[in-house]
Amino acid sequence: MWDDAIMSRKKEFKAGKAFTIGIQELAFMEKHCHDKNLKASTYVNNLIRNEMLAEIKKEAETHGPITYCTACSELREFENIEDRWLCIECHEDKTEVVSYMFK
Ligand SMILES: [Zn+2]
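With my numbering applied, the sequence shown covers 22 to 124.
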């Protein structure tokens, strides 16, 4: 049941990492995935993604989104100016990257 990647027809990048899940959580996940016809990897990804989006949203309320600025070679805060996301330091336009973070 764990080897979703092997069963899936589509070739994807794989991250192989062993970790432990509680027995009750595992049972819940197995039932949930079966009921919803979801792969375990999809379910876990969705859980993490939702947490990630919530965090990005929370972060955006206190300051602009933070991502890597290739011009500065540093993590930078980006500010929204006339619907473009610009690096707060060098004003490099990262609208495409920042917009992707909110999808
Ligand atoms: Zn910059």
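Even for Gly, the Cβ is constructed at its ideal location relative to N, Cα and C. Since this is a predicted model, take the numbers as computed values, not measurements.
Leu96 is bridged by DSSP to Tyr89. Taking C-alpha positions only, Tyr121 is separated from Leu74 by approximately 11 angstroms. Between Glu95 and the set Cys111, Glu82 and Glu103, the nearest pair of CA atoms involves Cys111. Within the chosen limit of 7 angstroms, ligand 1 reaches the beta carbon of Arg97 through at least one heavy atom.
Judged by DSSP in its simplified three-state form, Ile77 adopts helix.
Scanning its chain for C-beta atoms nearer than 8 angstroms, with the 5 sequence neighbours on each side dropped, one finds around Glu80 the residues Pro86 and Ile87, in chain order. Per DSSP, the unbroken alpha helix (DSSP H) holding Leu47 starts and ends at Ile44 to Lys57. Asn66 and Glu100 have their C-alpha atoms roughly 29 angstroms apart. Proximity of the beta carbon of Glu117 to ligand 1 is not indicated: no heavy atom of the ligand is located closer than 7 angstroms.
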